[in-house]
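In this note's numbering, the protein residues as written are 6 to 447.
Inspection log for the structure reproduced underneath, given as structure tokens.
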């Protein structure tokens, strides 16, 4: 990849629109974000080591790394003021809007210069496409929701730790049994604050085959949760909270709260991604062997998300190609897969979690083999997820997801804090607000 890139970069010449990024010596400088903060010592060190390795292999490129990711509140101002990084991190919910507003560079002409892209899963590349054959970004990683559960609490409650609940009715039954252990233990946990409640409501809709937003034949998006499926999601949570009392008195929870409860041995189950487990262990003093990971109950769909990089439309062709080379070197380089797994294991970072990967073909095989070779987590505890995930449809987040989640947070909060919450009214009111948000989607 390095040799090919050096050739194509040197071919850019005086005909380019903007060569101001090049020094008299021909060096190209690019800015990239997503540098981990100093509080994340190992990831930050890895990032800076990778910058040094890339610059050594590409002496005509200089990288200026920045902390932070995309902030919708400041994005437009940064773009207008020329302060947007040449390569900037986005979530899968961002590309459609950025493409429609012409706020990202079209990288289609440069794809042929990077053969590794051919091994990236086509559905992930489509996230960064306009549906008309043009590409505006590259995926970095993705995730799939599942069920994190405490195997030790399962055993104490007489449940098989190798058989997590397959349906929501089973979740309710398991939660009651776990809660009956006493000692402040809750069988099931859920979110309702800082957009996490809306996120989980969406995930729970998907598990039942529902949607939060649907695109009509006319291309317009509308809310799709004010129906029997939406009512079933909320009624179950309300019943578990107030009838079964298996969710605990403390509510209005956000992301870290359930991890803390799980680490303290006070929570039986909650929806999450597999990477919650090492965080529970490292930050909340849990034991890795105590946790299992299963498929989402219901199994009719699972929320899948992720992130990647897009490129400033103010960049010159040379900067775009340099930035693409960096993103692929750092995040999508088949030749560095085994190196990355070995480095993570050496630095005591988790290897072997049952997370999706971005690869197909030979690169996917390399990823799978390296993950097994350097695994340092109890992979057998994740077998229920691994055995089932391929059969569960993946569904991405709705457009304008964070705004929608903010509307749905109070809905989740109401059913988890008010015994007399009117589910039908909550959904009807939220539907109006979400339709207003979706009306702005192009």
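From the three backbone atoms N, C-alpha and C, an ideal C-beta is built for every residue, glycine too.
Annotated three-state conformation of residue 141 is coil, per DSSP. Close CB contacts of residue 96 within its chain, under the 7 Å cut and outside five residues either way in sequence, are with 310, 312 (chain order). The C-alpha of residue 220 is placed about 40 Å away from the C-alpha of residue 385. The C-beta distance from residue 191 to residue 273 rounds to 7 Å, short enough to meet the 8 Å contact threshold. Per DSSP, the unbroken alpha helix (DSSP H) holding residue 59 starts and ends at 46 to 62. Taking 8 Å as the upper bound for CB-CB distance, residue 94 and residue 326 are not in contact here, some 19 Å apart. Here the alpha carbon of residue 201 sits roughly 7 Å from the alpha carbon of residue 414. Per the C-alpha coordinates, the member of 216, 186, 223 positioned closest to residue 444 is 223.
Nearest Cα to residue 203 within the set 217, 336, 234, 153: 217.
Taking C-beta atoms under 8 Å as the contact rule, residue 379 and residue 347 qualify, at a distance of about 6 Å. By alpha-carbon distance to residue 226, the top candidate from 147, 406, 341 is 406. Residue 35 is a Cβ neighbour of residue 328, given a cutoff of 8 Å. According to the DSSP secondary-structure assignment, residue 104 is paired through a beta bridge with no residue. Taking C-beta separations shorter than 8 Å and ignoring five residues to either side along the sequence, the partners of residue 295 in its chain run 155, 156, 157, 270, following chain order.
In summary, residue 286 is buried, with 16 or more beta-carbon neighbours lying within 10 Å of its beta-carbon over all protein chains present. Shown here, residue 70 sits in a strand according to DSSP, grouped into three states.
In this structure, residue 367 sits away from residue 342, with a CB-CB distance that is not shorter than 8 Å.
In terms of CA proximity to residue 280, 356 leads the group 131, 356, 351. Within the segment 301 to 373, the complete alpha helix (DSSP H) segments at least 4 residues long are 322 to 336, 342 to 351, listed from N- to C-terminus. At a Cβ-Cβ threshold of 8 Å, residue 436 and residue 231 count as neighbours. By the Cβ-count criterion, residue 351 is exposed, with fewer than 16 other Cβ atoms from all chains shown falling within 10 Å of its own Cβ. Short of 6 Å from the beta carbon of residue 206, and not among the five residues preceding or following it, lie these beta carbons of its own chain, in chain order: 413, 417. Straight-line measurement puts the Cα of residue 305 at about 9 Å from the Cα of residue 396. The three-state reading of DSSP puts residue 125 in strand, counting E and B together. Assignment of residue 397 by DSSP, reduced to helix, strand and coil, places it in the coil class. Straight-line spacing of the CA atoms in residue 122 and residue 250 works out to 50 Å. Between the C-alpha atoms of residue 80 and residue 73 there is a straight-line separation of about 12 Å. DSSP, read as helix, strand or coil, puts residue 276 in strand. DSSP lists 274, 297 as the bridge partner or partners of residue 154. Boundaries of the alpha helix (DSSP H) around residue 206: 201 to 212.
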